[in-house]
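J.: What follows is a single structure, and I will ask about it in a moment.
2 protein chains.
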Amino acid sequence: MKSKAMENITSPQDSDSTAKVLNVDLQLCFALYSASLSMTKTYKPLLAKLKLTYPQYLVLLVLWEKDGVTVNSIGERLFSDSGTLTPLLKRLEKQGLIQRQRATEDERRVIITLTEQGQLLQAQAADVHTHIACSTGCTLTELKELNSQLILLRTSLINKLAT
Amino acid sequence: MKSKAMENITSPQDSDSTAKVLNVDLQLCFALYSASLSMTKTYKPLLAKLKLTYPQYLVLLVLWEKDGVTVNSIGERLFSDSGTLTPLLKRLEKQGLIQRQRATEDERRVIITLTEQGQLLQAQAADVHTHIACSTGCTLTELKELNSQLILLRTSLINKLAT
DNA sequence: CACAATTATATTGTACACAATTTAATTGTG
DNA sequence: CACAATTAAATTGTGTACAATATAATTGTG
């Protein structure tokens with residue numbers, strides 16, 4: 000099989016190796032799905048010590064970077080909507096990690112702010128990454144490469160969804 | 000920074016570039032998570048035509064390869080357990096795509112078999128992959144490479160979980 | 001300024017994902 | 001053979017993921 004400079008599959012009709020593509024894309028989808036679930040499982044025991052789920056942890060990562068932001072802006076960073084975030088944020092509020100309050104200048108908006116306790120949790124979460132990195136069994140180079148490939152894939156998928 | 004032959008991170012203490020690892024592994028986890036969700040979203044409209052969800056589709060893929068298998072064996076293929084599979088399989092049964100029946104020789108086991116309708120659905124699902132492959136915007140080579148990297152990652156994560 | 005359109009969040013309902021527990025059947029050991 | 005241990009599914013409960021809808025506030029237009 001010769002290697003082609005432009006072998007992107009851009010329409011359902013243009014591939015001359017349909018059967019191969021079918022298998023590979025199918026495998027990829029499942030590999031992505033199962034690797035993602037495995038990663039969540041790996042995080043689970045580490046985050047359980049902090050009484051957090053993985054999606055809750057992602058929200059806190061966003062807030063540790065910069066808080067006092069709207070639900071919407073968190074959703075844009077994490078590719079999720081209010082249907083997911085509203086109940087999640089209420090749980091974080093109940094745990095005393097964040098505060099939810101309507102913006103006075105536009106009462107449609109809800110501003111999310113870290114409590115002191117929420118800020119302090121960042122220090123306790125510091126060694127979570129290190130353990131994860133160990134579990135991947137990957138080199139730093141491999142982690143970087145996989146990361147950028149996944150971002151490319153995600154971008155492409157999201158762009159196609161929008162069209 | 001020099002490139003090292005063995006730069007795997009095998010314990011939380013042995014890295015000499017902790018800060019970089021922290022960022023990269025964090026990015027990777029989120030990239031994996033968000034790419035996987037994007038992939039599911041891409042599948043959704045295609046599978047909606049067949050009245051299937053993505054996890055249901057994965058189960059059918061296993062059964063199309065070989066049916067008359069136990070719940071457990073499906074779970075091993077898909078890395079999921081009865082808590083997830085039992086209700087999912089009941090929905091597929093209600094749709095008339097599969098049949099669930101206790102094995103006579105060991106009544107603890109439930110054997111899953113495709114109905115005629117379930118078998119016929121395979122043909123209708125054939126063009127799903129092609130559309131997905133297009134949406135990835137990746138070359139065949141890239142799909143293959145990403146696939147094998149994800150499998151390595153998953154294997155490593157699952158192995159560490161077992162220890 | 002009235003009011004339709006838009007925007008931000010919340011709610012509802014369905015479907016996983018998964019830990020923990022339960023139930024029922026089977027196997028291994030004395 | 002009795003019975004504890006194991007195995008296979010099912011059940012229960014919590015937490016997303018997400019489409020669809022609702023609610024309330026704001027903005028744009030005539």
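Heads up: the sequence lines are chains D and X, in that order. Numbered according to numbering that gives the first Met the number 0, the first sequence spans residues 0 to 162. Numbered according to numbering that gives the first Met the number 0, the second sequence spans residues 0 to 162. Built from N, CA and C at the ideal position, the CB exists for glycine as well.
Could you tell me how far apart the beta carbons of Ser-35 of chain X and Ser-35 of chain D are, in whole angstroms, since I believe they sit closer than 8 Å?
T.: 4 Å
J.: Would you kindly work out how many angstroms separate the C-alpha atoms of Leu-88 of chain X and Glu-106 of chain D, rounded to a whole number?
T.: 45 Å
J.: At a Cβ threshold of 8 Å, is Ile-73 of chain D touching chain X?
T.: no
J.: Of all the beta strand (DSSP E) runs that stay within the bounds of the region 49-101 of chain D, which reach a length of 3 or more residues?
T.: Within the region 49-101 of chain D, the complete beta strand (DSSP E) runs of at least 3 residues are 97-101.
J.: Given the structure, does Lys-89 of chain D come close to the ligand GTP, in the sense that its CB is under 7 Å from one of the ligand's heavy atoms?
T.: This structure lacks the ligand GTP; in fact it carries no ligand of any kind.
J.: Counting only beta-carbon atoms, is Gly-136 of chain D nearer than 8 Å to chain X?
T.: yes
J.: Give me the Cα-Cα distance between Leu-21 of chain D and Cys-133 of chain X, rounded to the nearest whole angstrom.
T.: Note on Leu-21 of chain D: pLDDT 49, under 50, position unreliable in the model; no value is reported.
J.: Enumerate in chain order the residues of its own chain whose CB-to-CB distance from Gly-171 of chain D is below 7 Å, with the five nearest sequence positions on each side excluded.
T.: No statement about residue 171 of chain D is possible, as the shown extent of chain D runs from 0 to 162 and does not include it.
J.: Is the Cβ-Cβ distance between Ile-111 of chain X and Ile-97 of chain X less than 8 Å?
T.: yes
J.: Taking only beta-carbon positions, decide if Ser-35 of chain X is within less than 8 Å of chain D.
T.: yes
J.: Residues of chain D with CB under 7 Å from Lys-143 of chain X, in chain order?
T.: Those are Val-23, listed as they occur along chain D.
J.: Can you say whether Asp-80 of chain D is buried or exposed, counting buried as having 16 or more other CB atoms within 10 angstroms of its CB?
T.: Residue environment analysis places Asp-80 of chain D among the exposed positions, since fewer than 16 neighbouring C-beta atoms fall within 10 angstroms of its C-beta.
J.: Kindly confirm or deny that the region 69-77 of chain D and the region 24-33 of chain D touch, where touching means at least three C-beta pairs closer than 8 Å.
T.: no
J.: Quick check on the burial criterion: 16 or more other C-beta atoms within 10 angstroms. Buried or exposed for Thr-41 of chain D?
T.: buried
J.: Any idea what DSSP makes of Thr-39 of chain X, helix, strand or coil?
T.: helix
J.: I want to verify the contact list: residues of chain D whose CB lies under 7 Å from the CB of Gln-26 of chain X, in sequence order.
T.: Asn-146
J.: By the DSSP assignment, the beta strand (DSSP E) with Thr-112 of chain D in it spans what residues?
T.: The continuous beta strand (DSSP E) containing Thr-112 of chain D extends over residues 109-113.
J.: Leaving out five residues on either side along the sequence, give the residues of the same chain with a beta carbon under 6 Å from the beta carbon of Thr-83 of chain D.
T.: none
J.: How many angstroms separate the CA atom of Arg-153 of chain D from the CA atom of Lys-159 of chain D?
T.: When only Cα atoms are considered, Arg-153 of chain D and Lys-159 of chain D end up about 10 Å apart.
J.: The alpha helix (DSSP H) spanning Thr-154 of chain D covers which residue range?
T.: Judged by DSSP secondary structure, Thr-154 of chain D falls within the alpha helix (DSSP H) whose first and last residues are 139-161.
J.: Taking 8 Å as the threshold (C-beta atoms), are Tyr-56 of chain D and Leu-46 of chain D in contact?
T.: For Leu-46 of chain D and Tyr-56 of chain D, yes; Cβs fall inside 8 Å.
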